[in-house]
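Report on the structure given below.
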Amino acid sequence: MMKKTPTMGRPGVALLLSLIVLTTAGCSAAGSDVADVSNGPGAQVTDLYSGETPSSTGGGAVPPLSGFPGNQSGWLVPYVFEILGPTVEQQVVIEQGSYVLVRHCMAERGFELLNEPPSATPPSRSTMGFDYRVGIISQERASQSGYQYRDGDFGFSRLAMNVATTLPGWTREYERAYKGDDGCLGEPDLALEEGVSEQSDEVWRLAREIDEQSVERAWAEPVVTAALDRWRSCMAREGYSFATPKEAYDAFTGFVSTAAAPRPGDSTATPSEIVTAVWDASCKAESGLGELWPQELWRARWTMIQDNLPNLLVVQETTARRVVNAQALIERYG
3 MMKKTPTMGR PGVALLLSLI VLTTAGCSAA GSDVADVSNG PGAQVTDLYS
53 GETPSSTGGG AVPPLSGFPG NQSGWLVPYV FEILGPTVEQ QVVIEQGSYV
103 LVRHCMAERG FELLNEPPSA TPPSRSTMGF DYRVGIISQE RASQSGYQYR
153 DGDFGFSRLA MNVATTLPGW TREYERAYKG DDGCLGEPDL ALEEGVSEQS
203 DEVWRLAREI DEQSVERAWA EPVVTAALDR WRSCMAREGY SFATPKEAYD
253 AFTGFVSTAA APRPGDSTAT PSEIVTAVWD ASCKAESGLG ELWPQELWRA
303 RWTMIQDNLP NLLVVQETTA RRVVNAQALI ERYG
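Under the working numbering, the final residue of the sequence shown carries the number 336; numbering is consecutive throughout.
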């Protein structure tokens, strides 16, 4: 049993899983346009990815993780479709093309689109640093929000099209035109896919397989299992008996949005949750789990992608086609 009794709630993993579609749609191969957060809450994450990491299994060097989109979307290590998917610059074009088409469609139906135009500036790097196996590793972040996340932590949300229905001008007729069975919100999906080769189920299956198997490979690495043992010992010093970091964040409300209080320090996390999360993050630093886990996961995932790259290139081809289609929409309706 734990020494400290948390406020129990249902795990937030299912909620976060629903965000994968959003984050994979809005990730980047981050470059010089990505904001520097070396002094922010995710400092220990970004510093870790400043160069090549030594292999515990003799697999050779891998590229630094700092150049890949997991740092953009909020995940400690990006998923396959994040790595191969659109850059933030490409996603900005796709968002703008989608917006002007929806705006044109609504105007044809006699309505002015209520949504704010998407930003033309790529978003700054997310400092979330979250992973399902180890949770968060930033002590500063834990002290602000416990085990919760805030709006914007996962980068892009699709087209900023989730407009509050309480806005002036939102009527039943507007809603039907906007997101009814043949609503304008569905128009970009059709227009952006024109000329795109259908991604086979095999590609999606392969990507999911790499995502899942790389996690299992990394979790079984001796350096990771040893770090996990050290983490348990560290947690036990304060009376906690969690077997894994996931048990720690699941003991509270999991990872759920604290959107009503998006500023640092305004989280609705309970004091007990924050105390637990801070100690948890400090134990990840002391044990090395917070550093070793993303290293090994990145290595395993990158290696599996390279081994299967010829079968995955259709993802990049699809992105290129969608960007061309978005540019055409901007030229026509912008």
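Yeah, the Cβ is synthetic: ideal placement off N, Cα and C, and Gly gets one too.
How would you label residue i, buried or exposed, when you count the other beta carbons within 10 angstroms and need 16 or more for buried?
| i | result |
| --- | --- |
| Gly137 | buried |
| Arg174 | exposed |
| Arg111 | exposed |
| Pro224 | exposed |
| Pro170 | exposed |
| Arg334 | exposed |
| Gln93 | buried |
| Thr321 | buried |
| Glu298 | buried |
| Pro1 | Examination of residue 1 is not possible in this model, given that the chain is present from 3 through 336 alone. |
| Thr25 | Summary for Thr25: the model assigns pLDDT 32, below 50, so the residue's position carries little reliability; its value from the coordinates is reported in the next sentence. Flag for Thr25 reads buried. |
| Leu187 | buried |
| Pro119 | exposed |
| Ser235 | exposed |
| Leu230 | buried |
| Leu192 | exposed |
| Arg303 | buried |
| Gly87 | buried |
If you measure between the beta carbons of residue i and residue j, is that distance less than 9 Å?
| i | j | result |
| --- | --- | --- |
| Trp221 | Cys285 | no |
| Ile276 | Ser140 | no |
| Glu195 | Arg324 | yes |
| Thr246 | Gln150 | no |
| Thr272 | Phe254 | yes |
| Tyr176 | Leu116 | yes |
Could you check what DSSP says for residue i in three-state terms: helix, strand or coil?
| i | result |
| --- | --- |
| Gly87 | coil |
| Asp359 | There is no way to answer for residue 359, as the model of the chain reaches only from 3 to 336. |
| Leu139 | Rather than Leu, the amino acid found at residue 139 in this sequence is Ile. Residue state, collapsed to three classes: coil. |
| Tyr81 | coil |
| Tyr149 | coil |
| Arg105 | helix |
How long is the line joining the alpha carbons of residue i and residue j, rounded to whole angstroms?
| i | j | result |
| --- | --- | --- |
| Arg301 | Ile85 | 13 Å |
| Ala287 | Ile332 | 47 Å |
| Leu311 | Ala279 | 38 Å |
| Thr305 | Ser216 | 9 Å |
| Arg239 | Gly182 | 56 Å |
| Ile211 | Lys248 | The question names Ile, but residue 211 is Glu in the sequence shown. Each residue's Cα considered, the two are about 21 Å apart. |
| Glu200 | Val316 | 9 Å |
| Val226 | Thr89 | 31 Å |
| Ala328 | Ser100 | 7 Å |
| Ala283 | Asp184 | 48 Å |
| Leu291 | Gln318 | 33 Å |
| Leu314 | Asp203 | 12 Å |
| Val79 | Leu294 | 12 Å |
| Ala45 | Ala109 | For Ala45, the pLDDT reaches just 24, beneath the cut-off of 50, and the residue's location in the model is therefore unreliable, leaving the point undetermined. |
| Gln135 | Gly336 | The residue asked about is misnamed: residue 135 is Arg in this sequence, not Gln. The straight-line gap from Cα to Cα measures roughly 44 Å. |
| Gln98 | Ala209 | 28 Å |
| Arg207 | Tyr242 | 38 Å |
| Ser274 | Glu189 | 47 Å |
| Gly197 | Met237 | 54 Å |
| Val326 | Asp309 | 29 Å |
| Glu218 | Leu67 | 19 Å |
| Ala122 | Glu91 | 9 Å |
Using CA atoms only, rank isn't needed, just tell me which of the options is closest to residue i.
| i | options | result |
| --- | --- | --- |
| Asp124 | Gly76, Val95, Glu293 | One point to set straight first is that residue 124 is Pro, not Asp, in the sequence displayed. The candidate whose alpha carbon is nearest that of Pro124 is Val95. |
| Phe83 | Glu214, Leu116, Ala250 | Glu214 |
| Asp148 | Asn313, Tyr251, Leu294 | Checking the sequence, you will find Gly at residue 148 rather than Asp. The option with the nearest alpha carbon to Gly148 is Tyr251. |
| Gly76 | Met237, Phe132, Phe113 | Phe132 |
| Val205 | Gly336, Ile307, Leu67, Val326 | Ile307 |
| Ala228 | Ser289, Arg135, Pro296, Ser121 | Ser289 |
| Cys107 | Ser274, Ala179, Asp191, Arg303 | Ala179 |
| Arg143 | Pro296, Trp281, Ala330, Ala193 | Trp281 |
| Phe113 | Ser121, Glu218, Leu67, Trp172 | Trp172 |
| Tyr81 | Tyr242, Pro296, Met237, Ala122 | Pro296 |
Determine, using beta carbons only, whether residue i comes closer than 9 Å to chain D.
| i | result |
| --- | --- |
| Val226 | Although the question refers to chain D, the structure presented lacks it and comprises just one protein chain. |
Check whether the Cβ of residue i lies closer than 8 Å to any heavy atom of the ligand HEM, and answer yes or no.
| i | result |
| --- | --- |
| Pro120 | What this structure holds is no ligand at all, so the ligand HEM is not there to describe. |
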